[in-house]
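Below, the structure written as C-alpha cells:
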C-alpha cells in the first residue's frame, strides 16, 4: 500500500499558533475565509514532500538545506525566518509531517533569523512513493513554453511549484496496459473539455472531437485548469499513487463543470492518489458529500476541515460531513444571502 500523509502539526508557522490535524488517506478538503491559511497548509505539505524527493541534479545538498530552499521557493518570503508566526521578539516555527508506516515522519524547526537551513529532528526511514503535484489557482499551460528553462536561468518572482508542475506537464504520455486504465479517469474531464490535450513542439493544444485543435491561449481559462489535470493523469503522474494539492479548483469554472471535478477528485482518490483541496466553493463541497452519501462502499475516505481566525491564531474543525463542522463561513454566508434574497423579493 502506498504511503500517505496521516497528520500535520504546524506550531508558530505563518498564521498558525498550533495546528495539529489528522488527515485521511483519501480526500481532504480545506475551507475558510481569506487569510485563514488554506494555501499555507497545502504548501507546507507540498514543500516537505517535494524536498524529500531525489534531487534532479547531481549536486549534493543536505536535507536541512533542501527543505529550507523548498520552503523559500514555494512560499516566496524574503527569508526563511519570515515564515515564523509574527509576534514580539524572536520566535521558532515547528513543522511535523507524519506518514503511514512506522518511523515515517519529517520534523524540523527554524527561527526568525534562519536563512538557509532548518533544524531537522525527524527523518524518513524509507523513501515516499508517489509524486507530489501542486496545482495553483491559475493555469500553467499557456506559460509552459520555455518557462522551465527561463526559471532556472534567471530570477523570476514566481512560486517554485509552478516550475515543478510545468516539468511534470511535459512528461510523455503513459503507454501500454497502463494507458487503458488511465482512460477511465480521463473520461469525465475530457467530456467537460470536449476533447483531449495534446502537446506538439513544446506547446499544448486542445484537440476537439471533430473540430480540429485549438491553441491553449484560445481556450477558456477554466477549461485550461481542467486540461492541466487531464495531462497529469494522461502521463501517469496522478495515477495509482501520488499526492495532489489543488488550490481553488473552482476558480473560473461553472457549477456544471464542478460536478465533473468532484467526480474526478473521487476517482483519483479511489485509484490511490491522496487529494488535498483548498476551496471557497460550498457547491464543490456539497457535491463531494453527495457522492459519499450515495453509499458506494468503494468511495474513498473524505474529511472536511474548516479554518477560522481567532485572537490566538487559526483554529481548525474537521468532520466527515459538513454538518459536523463547528464553523463554516461559506455556509453561514450562503444562508444569510438566501434570507436577504427572500426578503428582497418579498418587498
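In UniProt numbering, the protein residues as written are 1 to 347. Even for Gly, the Cβ is constructed at its ideal location relative to N, Cα and C.
Q) Should residue 149 go down as buried or exposed, given a rule of 16 or more other Cβ atoms within 10 Å for buried? A) For the purposes of this step, residue 149 is identified with residue 149 of the chain shown, where counting begins at 1. The residue is exposed, with fewer than 16 neighbouring Cβ atoms inside 10 Å.
Q. Under a three-way DSSP split, which group does residue 287 fall into?
A. Here residue 287 refers to the residue found at position 287 when the chain shown is read from its first residue. It is helical.
Q | Boundaries (first-last residue) of the alpha helix (DSSP H) holding residue 64 | A | Looking up residue 64 in the chain shown gives position 64. 63–75 is the extent of the alpha helix (DSSP H) around residue 64.
Q) Out of curiosity, what's the CA-to-CA distance linking residue 58 and residue 139? A) As a working mapping, residue 58 is identified with position 58 in the chain shown. As a working mapping, residue 139 is identified with position 139 in the chain shown. Model confidence at residue 58 stands at a pLDDT of 46, short of 50, so the residue's coordinates are unreliable; what they give is reported in the following sentence. Straight-line Cα distance between these residues: approximately 30 Å.
Q. Exposed or buried, what is residue 104 when buried is set at 16 or more other beta-carbons lying within 10 Å of its beta-carbon?
A. Along the chain shown, one-based indexing puts residue 104 at 104. Looking at its Cβ environment, which holds 16 or more other Cβ atoms inside 10 Å, residue 104 is buried.
Q: Just the C-alpha distance for residue 248 and residue 254, rounded to the nearest angstrom, thanks.
A: Working through the chain shown from its first residue, we reach residue 248 at position 248. Working through the chain shown from its first residue, we reach residue 254 at position 254. For residue 248 and residue 254, the distance between alpha carbons rounds to 13 Å.
Q. DSSP three-state call for residue 100: helix, strand or coil?
A. For the purposes of this step, residue 100 is identified with residue 100 of the chain shown, where counting begins at 1. It is coil, neither helix nor strand.
Q. How would you label residue 132, buried or exposed, when you count the other beta carbons within 10 angstroms and need 16 or more for buried?
A. Position 132 of the chain shown, counted from the first residue, corresponds to residue 132. Its Cβ being crowded by 16 or more others within 10 Å, residue 132 is buried.
Q. How would you call residue 134, buried or exposed, if buried means at least 16 neighbouring beta carbons within 10 angstroms?
A. Along the chain shown, read from residue 1 onward, the residue named residue 134 stands at position 134. Buried.
Q: Determine the DSSP secondary structure at residue 93, reduced to helix, strand or coil.
A: Within the chain shown, numbered from 1, the residue matching residue 93 stands at position 93. Looking at residue 93 - three-state DSSP - the assignment turns out to be strand.
Q: Out of 241, 202, 183, state which residue places its alpha-carbon closest to the alpha-carbon of residue 195.
A: Position 195 of the chain shown, counting from 1, holds the residue named residue 195. The residue with the shortest Cα to Cα distance from residue 195 is 183.
Q) Would you say residue 130 and residue 51 are within 9 Å of each other, going by their C-beta atoms? A) On the chain shown, position 130 is the one that residue 130 refers to. On the chain shown, position 51 is the one that residue 51 refers to. No. Outside cutoff.
Q.
So residue 405 and residue 41 are supposed to be a Cβ contact under 8 Å. How far apart are they, rounded?
A. The question about residue 405 has no answer here: the residues shown for the chain are numbered 1 through 347.
Q) Excluding sequence positions up to five away, which residues of its chain have a Cβ less than 6 Å from the Cβ of residue 245? A) By one-based count along the chain shown, residue 245 stands at place 245. These residues qualify, in order along the chain: 42, 46, 134, 276.
Q | First and last residue of the uninterrupted alpha helix (DSSP H) at residue 261 | A | Here the question's residue 261 lines up with position 261 in the chain shown. Looking at the DSSP string, the run of the alpha helix (DSSP H) that includes residue 261 is 255–271.
Q. If we count the other Cβ atoms within 10 Å of its Cβ and call it buried at 16 or more, is residue 256 buried or exposed?
A. The count along the chain shown starts at 1 and reaches residue 256 at position 256. By the C-beta density criterion, residue 256 is exposed, having fewer than 16 other C-beta atoms within 10 angstroms.
Q. Can you give the beta carbon distance from residue 114 to residue 80, rounded, assuming they're within the 8 Å contact cut?
A. Walking along the chain shown from the start, residue 114 turns up at place 114. Walking along the chain shown from the start, residue 80 turns up at place 80. Yes, they are in contact, since the Cβ atoms of residue 114 and residue 80 sit about 5 Å apart, within 8 Å.
Q) With DSSP run on the structure shown, which of helix, strand or coil describes residue 340? A) For the purposes of this step, residue 340 is identified with residue 340 of the chain shown, where counting begins at 1. DSSP places residue 340 in helix when its eight states are reduced to three.
Q: Apply the 10 Å Cβ neighbour rule to residue 311 and answer buried if 16 or more other Cβ atoms are within range, or exposed otherwise.
A: Reading the chain shown from its first residue, position 311 is the one you call residue 311. Exposed: under 16 other Cβ atoms inside 10 Å.
Q) Which runs of the beta strand (DSSP E) fall wholly inside the segment 198–264 and span at least 3 residues, in chain order? A) 203–208, 212–215, 243–247
Q: Please determine, among 346, 335, 75, 250, the residue with the shortest C-alpha to C-alpha distance to residue 29.
A: Working through the chain shown from its first residue, we reach residue 29 at position 29. Among 346, 335, 75, 250, the Cα nearest to that of residue 29 is on 250.
Q: Inspect the CB distances between the segment 285–301 and the segment 261–275 and report whether three or more fall short of 8 Å.
A: The segment 285–301 makes contact with the segment 261–275, as at least three CB pairs between them are under 8 Å.
Q) Quick one: is residue 154 buried, meaning 16 or more other Cβ sit within 10 Å of its Cβ, or exposed? A) Counting from one through the chain shown, the residue named residue 154 turns up at place 154. It counts as exposed.
Q.
Tell me the rounded alpha-carbon separation between residue 218 and residue 316.
A. Indexing the chain shown from 1 puts residue 218 at position 218. Indexing the chain shown from 1 puts residue 316 at position 316. Rounded to the nearest angstrom, the two C-alpha atoms are 41 Å apart.
Q. Taking the alpha carbon of residue 202 as the point to measure from, which residue in 243, 308, 145 has its own alpha carbon closest?
A. Looking up residue 202 in the chain shown gives position 202. Check the Cα spacing between residue 202 and each of 243, 308, 145: the tightest is with 145.
**Q.** Exposure of residue 26, with buried meaning 16 or more beta-carbon neighbours within 10 Å
**A.** Position 26 of the chain shown, counted from the start, is the residue given in the question as residue 26. Buried.
Q | Residues that DSSP places opposite residue 302 in a beta bridge | A | Position 302 of the chain shown, counted from the start, is the residue given in the question as residue 302. Looking at the DSSP assignment, residue 302 forms a beta bridge with 27.
Q.
If you reduce the DSSP assignment to three classes, tell me which class residue 58 lands in.
A. Within the chain shown, the letter at position 58 stands for residue 58. Since pLDDT at residue 58 reaches only 46, below the 50 mark, its modelled position is unreliable, and no value is offered.
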